[in-house]
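Working notes for the structure below.
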Amino acid sequence: MRDPNTSPSKPSPSAAAAHAPGRSTSRVRAWAGPGLLTYGYRPFFLFGAIWSALTMVLWIFSLAGGITLPTPMDPVSWHAHEMLFGALGAFLGGFLLTAIPNWTGRFPILGWPVAVLAATWALGRVALLSPAPPLTIVAADLLFPLLLALAMLREIVAGKNWRNLPVLALFLGFLTANGLFHWQVLHGDYAAGGAGFRLGLAVAVGFVTLIGGRVVPSFTRNYLVKQKRSGLPHPFGPLDRLALSLGALALFAYVARPEHAVTAALCLAAGAAHLIRLARWSGQKTAAEPLVWILHIGYLFIPLGFLLTGGASLAPGLIPEIAAQHIWMIGAVGVMPLAVMSRASLAHAGRPQVASGALRVIYLMILSAAAMRFTAGYSAAPLWFTHLSGALWIAAFAGFALHYWPILTHKRKRRS
Numbered sequence: 001m002r003d004p005n006t007s008p009s010k011p012s013p014s015a016a017a018a019h020a021p022g023r024s025t026s027r028v029r030a031w032a033g034p035g036l037l038t039y040g041y042r043p044f045f046l047f048g049a050i051w052s053a054l055t056m057v058l059w060i061f062s063l064a065g066g067i068t069l070p071t072p073m074d075p076v077s078w079h080a081h082e083m084l085f086g087a088l089g090a091f092l093g094g095f096l097l098t099a100i101p102n103w104t105g106r107f108p109i110l111g112w113p114v115a116v117l118a119a120t121w122a123l124g125r126v127a128l129l130s131p132a133p134p135l136t137i138v139a140a141d142l143l144f145p146l147l148l149a150l151a152m153l154r155e156i157v158a159g160k161n162w163r164n165l166p167v168l169a170l171f172l173g174f175l176t177a178n179g180l181f182h183w184q185v186l187h188g189d190y191a192a193g194g195a196g197f198r199l200g201l202a203v204a205v206g207f208v209t210l211i212g213g214r215v216v217p218s219f220t221r222n223y224l225v226k227q228k229r230s231g232l233p234h235p236f237g238p239l240d241r242l243a244l245s246l247g248a249l250a251l252f253a254y255v256a257r258p259e260h261a262v263t264a265a266l267c268l269a270a271g272a273a274h275l276i277r278l279a280r281w282s283g284q285k286t287a288a289e290p291l292v293w294i295l296h297i298g299y300l301f302i303p304l305g306f307l308l309t310g311g312a313s314l315a316p317g318l319i320p321e322i323a324a325q326h327i328w329m330i331g332a333v334g335v336m337p338l339a340v341m342s343r344a345s346l347a348h349a350g351r352p353q354v355a356s357g358a359l360r361v362i363y364l365m366i367l368s369a370a371a372m373r374f375t376a377g378y379s380a381a382p383l384w385f386t387h388l389s390g391a392l393w394i395a396a397f398a399g400f401a402l403h404y405w406p407i408l409t410h411k412r413k414r415r416s
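Under UniProt numbering, the residues of the sequence shown are numbered 1 to 416, in order.
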C-alpha cells in the first residue's frame, strides 16, 4: 500500500506542522506588545544572527592581534564557545520555541516570557566578555539553556507528546556540554580541544540528523507535489534508522575517543549511510527552488563531516582534524540554521515563500565561507583564507539580519 505521505496528490503534513501557526493565532493577535515577541523564534533568530556576525568580527580582530578579548577563556575557546553555545544556542531556542507547540498542539510561549528568555541568553553573552567572577559567568551562561529545557519539558509532558522526548534529551546533552566546557575552562584546560566542545558539536550534528531528517524530505515532497513531479523522497524507513544509529554510535565514539580506529570506522560508515539517506530525498530535483535545495546542501555537511573526521583519524597528515570540525560547524551552525530560519520566518509571517535575490546572495556567501575555511587547512596562506571565510560569514549573517529585520519585528498581517 502506498504511504499517504508520498502520494503525489497529498503534501506532507509534517512540514506544514513545523511552521504553521495553528492554534496560536488567537493569542498572537491578542498580544499588544512589540511584534518581535509575537513568536518565540523572532528574537532568537534575529539576535542570534547578529551575534553570529559580531562574534566573527571580534574573532577576526583578535586573530589579527588588533584587540584583546576581555574573557576568562583563551581566544580560540571563546570563539568556539560563542559560535556553538552562543549563536547556535539562540537558533535552537528559536526553533524549539516554535516547533514544540506545533508538535504538541499547545499554545506557544510569547510576549514577556519570550523577552525574559531572550534576556537570559543575552546575559550569557555579556557575562563571557566581563570581568565577573568565574562562577558568576558560568551561572549566567547556563541560565538560558536551563530555563529553555524546563519549558520544553513542561510542554512535552502537558501535551503528552512523548515522541519528542529525544529532542529534549538532545538539548539536555547540549546543556551538559556547555557545563563541561566551562568546567574545563575553570580547570585551566584548552576547552576548544576538549570533550565539552566535542559533545556540544556532536549534539549539534545530532539535531541536524534528527530534525533535518524530518523537514528536508517533507519540504522536498511538498515542493515536488506542487510541481506535479514524480519520484518523491522515500518515507522514513530501515535505512534511516540505520543511518541514525550509526551516526549516534560514531558521535559517541568521537566524543570519547576521537583518534581511535574504531571511531574512524564508525564515522566512515555513518558518513556513507547519511549520504545514501540524503540521496533518497530527491534533492537533485529541487535546483529551481533555493529555499529547498539549501536544506539539502545544509544536510550534506553532516555526512561530509563524518567522512572527513574518519579520514582525519586514519590519515592526520592528509586531512587536518580542524578542517573536519569546521565542516560540521559550518553545516550545523551556519548553513542549516540559515536555511531553516529563512524559510520558517517567511512562513510564520504569512509572506510568500520565495527566495529573493538578496537571500540567494546570502546562501552563496555562507557556502563560499565554508569553501574558504576548508581551503585554509591546505593553503600556504591559511590566515588569508580564514579571514576571507570570516568576512563572508559576517556578510551572510549580517545580511540575513538586515533583510529579515522587518519580517521578524513586524506583526503578522491579518487576513481579511
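All C-beta atoms in this analysis are idealised placements derived from N, C-alpha and C, irrespective of residue type, glycine included. These numbers were taken from a predicted model, which means no experiment stands behind them.
Any idea if V361 is buried or exposed, counting beta-carbon neighbours within 10 angstroms, 16 or more meaning buried? exposed
For D240, which residues in the same chain have their Cβ closer than 8 Å to its Cβ, ignoring the five residues on either side in sequence? G213 and R277
I'd like to check one pair, S342 with F400: are the Cβ atoms closer than 8 Å? yes
Quick one, which of L63, S77, T71 and G94 has its alpha-carbon nearest H348's? G94
Alpha helix (DSSP H) containing F44: first to last residue? Y41 to L63
Between W103 and A339, what straight-line distance do the alpha-carbon atoms span, to the nearest angstrom? 20 Å
Taking 8 Å as the cut-off, decide whether the C-beta atoms of G331 and V208 are in contact. yes
Starting from N222 and walking both ways along the alpha helix (DSSP H), at which residues does that stretch end? A195 to K226
Integer Cβ distance of S345 from F45, believed to fall under 8 Å: 6 Å
Within 10 angstroms of its Cβ, does A256 collect 16 or more other Cβ (buried), or is it exposed? exposed
Are the Cβ atoms of G271 and P320 separated by less than 8 Å? no
Assess contact between the region 277–296 and the region 306–321, defined as three or more Cβ pairs (one per stretch) separated by less than 8 Å. Is contact present? no
Taking the CB atoms as reference points, tell me whether I297 and V262 lie closer together than 8 Å. no
Validate contact between the region 49–66 and the region 101–116 using beta carbons, cut 8 Å, 3 pairs: no
For residue 417, is the classification buried or exposed, using 16 other Cβ atoms within 10 angstroms of its Cβ as the cut-off for buried? Residue 417 cannot be examined here, being either before or after the span of the chain that is shown, 1 to 416.
So, does the region 379–388 touch the region 34–42, judging by three or more C-beta pairs under 8 Å? no
Are there three or more Cβ pairs, one per stretch, closer than 8 Å when the region 140–153 is compared with the region 117–130? yes
Please name the residue, chosen from L117, D189, Y254 and S218, that lies closest to S313 on a Cα-to-Cα basis. Y254
In whole angstroms, give me the CA-to-CA distance for M73 and A381. 27 Å
Proximal residues to S389 (C-beta, below 7 Å), its chain only, five neighbours per side dropped: A369, M372, R373 and A376
Let's test the definition: count the other Cβ atoms within 10 Å of the Cβ of R163 and tell me whether it reaches 16, buried, or not, exposed. exposed
DSSP state of A411 mapped onto helix, strand, coil: The amino acid occupying residue 411 in the given sequence is Lys; Ala does not appear at that position. Reduced to three states, the DSSP call for K411 is coil.
Exposed unless 16 or more other CB atoms sit within 10 angstroms - verdict on L408: buried
Counting C-beta neighbours from all protein chains within 10 Å, is the total for Y378 16 or more, i.e. buried, or is it exposed? exposed
Just verifying my parser: in three-state terms, what is the DSSP assignment at N161? coil
Smallest Cα separation from residue 435: which of L180, G179, G188 and L147? The displayed coordinates of the chain run from 1 to 416. Any statement about residue 435 would go beyond what the structure contains.
Spatial distance of G86 from L54 (CA atoms): 11 Å
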